[in-house]
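Peer 1:
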Ligand code: FE
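Numbering (our numbering), first residue to last: 416 to 657.
1. Residues around the ligand FE, please: the condition is that the C-beta lies closer than 5 Å to some non-hydrogen atom of it.
2. Can you tell which of 567, 574, 562 and 521 has its C-alpha closest to the C-alpha of residue 613?
3. Quick one: is residue 595 buried, meaning 16 or more other Cβ sit within 10 Å of its Cβ, or exposed?
4. Could you check what DSSP says for residue 606 in three-state terms: helix, strand or coil?
5. Restricting to runs no shorter than 4 residues, where is the alpha helix (DSSP H) found entirely within the segment 490-522?
6. Please classify residue 618: does DSSP put it in a helix, a strand, or coil?
7. Below 8 Å on the Cβ atoms is my guess for residue 499 versus residue 566; work out the distance and round it to an integer in Å.
8. Report the three-state DSSP secondary structure of residue 544 (helix, strand or coil).
9. Kindly indicate which residue of 539, 626 and 607 has the alpha-carbon position closest to the one of residue 558.
10. Roughly how many angstroms lie between the CA atoms of residue 545 and residue 642, to the nearest whole one?
11. Between the alpha carbons of residue 647 and residue 620, how many angstroms are there, rounded?
12. Would you call residue 481 buried or exposed, if buried means 16 or more other Cβ atoms sit within 10 Å of its Cβ?
13. Taking only the alpha-carbon atoms, compute the straight-line gap between residue 535 and residue 639 and give it to the nearest angstrom.
14. In the DSSP assignment, find the alpha helix (DSSP H) that holds residue 566 and state where it starts and stops.
15. Can you tell me which of the three DSSP states residue 613 falls into?
16. Compare the C-alpha of residue 630 against each of 467, 512, 487 and 650 and name the closest.
17. Among the candidates 618, 650 and 554, whose CA atom is the shortest distance from the CA of residue 605?
18. So what's residue 477 in DSSP terms, helix, strand or just coil?
19. Do you know how far the Cα of residue 651 is from the Cα of residue 533?
20. How should residue 609 be labelled, buried or exposed, when 16 other C-beta atoms within 10 angstroms of its C-beta is the threshold for buried?
21. Would you mind working out which of 633, 622 and 626 sits nearest residue 649, comparing C-alpha positions?
22. Quick one: is residue 527 buried, meaning 16 or more other Cβ sit within 10 Å of its Cβ, or exposed?
Set out below in structure tokens:
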């Protein structure tokens, strides 16, 4: 907490004023806006102007036969579920396997991530924060939905929701409990507020039971949620052991 909470509480107070801070992240609205704009439409019932504009454009393009709706869904699904988190998982697995790489990752994330061929739009200024037994990091964007696309793909709906954005800074432990993660009181929780300039990636703790696994095997254990900091990676039990 302390300095890492920076001015989050001030920001959150504004956001929370508008958001009834009750927890179903999936039901919240899905709007986007640029930083600095007024923020008085958190709980609107109808889709935002931007969502309507996007829908209209999509309908037109489909109608004119310029794009295929199924192809669009596939593209989004690819970014959301396949390419994105897999890239981040590779970064994490490399850091677990190679201490020198991990050091580079924690000191100059952009460069270290580029070593694996990732970077670009929405991932220009990356900072990697390391989870340890004493410190748990989680990432939010209190203003909208800034997220490191090149390593995590597109943000999930709950990440963009008003309750997650406001409550993560007010009651991070409570939010984590709703994700099924209960941290003991002696673990320090650090909340990082993404911006258009800086995007964060959590380096989760390497689970026990993974000694001797290859980088490729490790990669399969790393989840998106663990890299946003709302989950831990469970210890791995040896196959055949109950
Ligand atoms: Fe944002």
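Note that the Cβ used here is the ideal one computed from N, Cα and C, for glycine as well.
Peer 2: The short version:
1. 556, 558, 559 and 561
2. Residue numbering aside, residue 613 sits at position 198 when the chain shown is read from its first letter. Closest option to residue 613, Cα to Cα, is 562.
3. Position 180 of the chain shown, counted from the start, is the residue given in the question as residue 595. Exposed: under 16 other Cβ atoms inside 10 Å.
4. Within the chain shown, the letter at position 191 stands for residue 606. Here residue 606 sits in strand by DSSP.
5. You should have 499-512 and 514-522.
6. Taking the first residue of the chain shown as position 1, residue 618 is located at position 203. Strand at residue 618.
7. Your numbering for residue 499 matches position 84 in the chain shown. Your numbering for residue 566 matches position 151 in the chain shown. Indeed, because the Cβ distance is near 7 Å, the residues count as touching under 8 Å.
8. The residue labelled residue 544 in the question sits at position 129 within the chain shown. In this structure, residue 544 counts as strand in the three-state DSSP scheme.
9. In the chain shown, counting from the first residue as 1, residue 558 sits at position 143. When only C-alpha atoms are compared, the closest one is 607.
10. By one-based count along the chain shown, residue 545 stands at place 130. By one-based count along the chain shown, residue 642 stands at place 227. The C-alpha of residue 642 is placed about 10 Å away from the C-alpha of residue 545.
11. Taking the chain shown and counting its residues from 1, the one referred to as residue 647 is at position 232. Taking the chain shown and counting its residues from 1, the one referred to as residue 620 is at position 205. Between residue 647 and residue 620, the C-alpha separation is close to 7 Å.
12. The residue you call residue 481 lines up with position 66 of the chain shown. Answer is exposed; the Cβ neighbour count stays below 16.
13. What you label residue 535 is simply residue 120 of the chain shown in a count that begins at 1. What you label residue 639 is simply residue 224 of the chain shown in a count that begins at 1. Looking at the two C-alpha atoms, the distance is approximately 19 Å.
14. On the chain shown, residue 566 is found 151 positions in, with the first residue counted as 1. Per DSSP, the unbroken alpha helix (DSSP H) holding residue 566 starts and ends at 564-567.
15. Position 198 of the chain shown, counted from the first residue, corresponds to residue 613. Residue 613 carries a coil assignment under DSSP once its states are collapsed to helix, strand and coil.
16. Along the chain shown, one-based indexing puts residue 630 at 215. The shortest Cα separation from residue 630 among 467, 512, 487 and 650 belongs to 512.
17. As a position in the chain shown, residue 605 is number 190, starting the count at 1. That would be 554, whose Cα lies nearest to the Cα of residue 605.
18. For the purposes of this step, residue 477 is identified with residue 62 of the chain shown, where counting begins at 1. Helix at residue 477.
19. Locating residue 533 in the chain shown gives position 118, where the first residue counts as 1. Locating residue 651 in the chain shown gives position 236, where the first residue counts as 1. Spanning the two alpha carbons is a distance of roughly 28 Å.
20. As a first step, residue 609 must be located in the chain shown, where it is residue number 194. Buried, since its Cβ has 16 or more Cβ neighbours within 10 Å.
21. The residue you call residue 649 lines up with position 234 of the chain shown. Among 633, 622 and 626, the Cα nearest to that of residue 649 belongs to 622.
22. Position 112 of the chain shown, counted from the start, is the residue given in the question as residue 527. Its Cβ being crowded by 16 or more others within 10 Å, residue 527 is buried.
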